[in-house]
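Going by our numbering, the first residue of the sequence shown is number 600, and it counts up by one from there.
These notes concern the structure reproduced below.
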Amino acid sequence: DHDHDHDHDHDHDHDHDHDHLEHQTAHRNGQGESGEAGEHSDFEVSYRFRCANPGQLDRLEVELFRHFPGLQTLEVRMITPAGQRALSLDAGNREIRF
């Protein structure tokens with residue numbers, strides 16, 4: 600009976616070691632506790648807009664936050680006739696004003 604308990608404890612420790620290793624591997628692979636992708640990732644997109652009457656353009660509303668609810672911030676870098684600008688957008692601040 601004593602040997603059985605010892606084996607059980609050993610199996611438990613062995614299983615715990617595997618769980619810990621899987622947890623470490625998941626973090627190295629950018630996965631969270633649930634095995635899904637982590638909360639942070641980067642992607643880069645370039646857009647070029649042409650406007651027949653750019654003098655009438657005063658703002659651009661970014662709808663990505665509505666379509667991608669997990670998106671937290673969007674770093675914008677743009678070049679306009681007035682010069683270069685960089686700004687940060689989020690779900691509460693989705694507008695680029697010109």
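No residue lacks a Cβ here, since even glycine has one placed at the ideal position from N, Cα and C.
Here the structure is a predicted model, which means the values were calculated and not measured.
Nearest to A678 by alpha carbon, out of V661, F648, D689?
A small fix is needed here, since residue 678 is Ile in this sequence, not Ala. When only C-alpha atoms are compared, the closest one is F648.
In terms of residue numbering, what span does the beta strand (DSSP E) encompassing R693 cover?
Looking at the DSSP string, R693 is not in any beta strand (DSSP E), and its letter there is neither H nor E.
For R627, three-class secondary structure by DSSP
Note that R627 scores a pLDDT of 43, beneath 50, so its modelled location is shaky and nothing firm can be said.
Please work out which residues of its chain come closer than 8 Å, Cβ to Cβ, to A561, disregarding the five sequence neighbours upstream and downstream, and give them in chain order.
Past the boundaries of the shown model lies residue 561; the chain is included only from 600 to 697, so the question cannot be answered.
Simplified DSSP assignment, three categories, for L620:
With a pLDDT of only 42 at L620, under 50, the local geometry of the prediction cannot be trusted, and the value read off the model is given with reservation. Of the three classes helix, strand and coil, the one that applies to L620 here is helix, per DSSP.
Is the distance from the Cβ of A685 to the Cβ of R676 below 9 Å?
yes
Which of helix, strand or coil DSSP assigns to S633:
The predicted position of S633 is uncertain, since its pLDDT is 43 and thus under 50; no value can be drawn from it.
Are F664 and R693 close, meaning C-beta to C-beta below 9 Å?
yes
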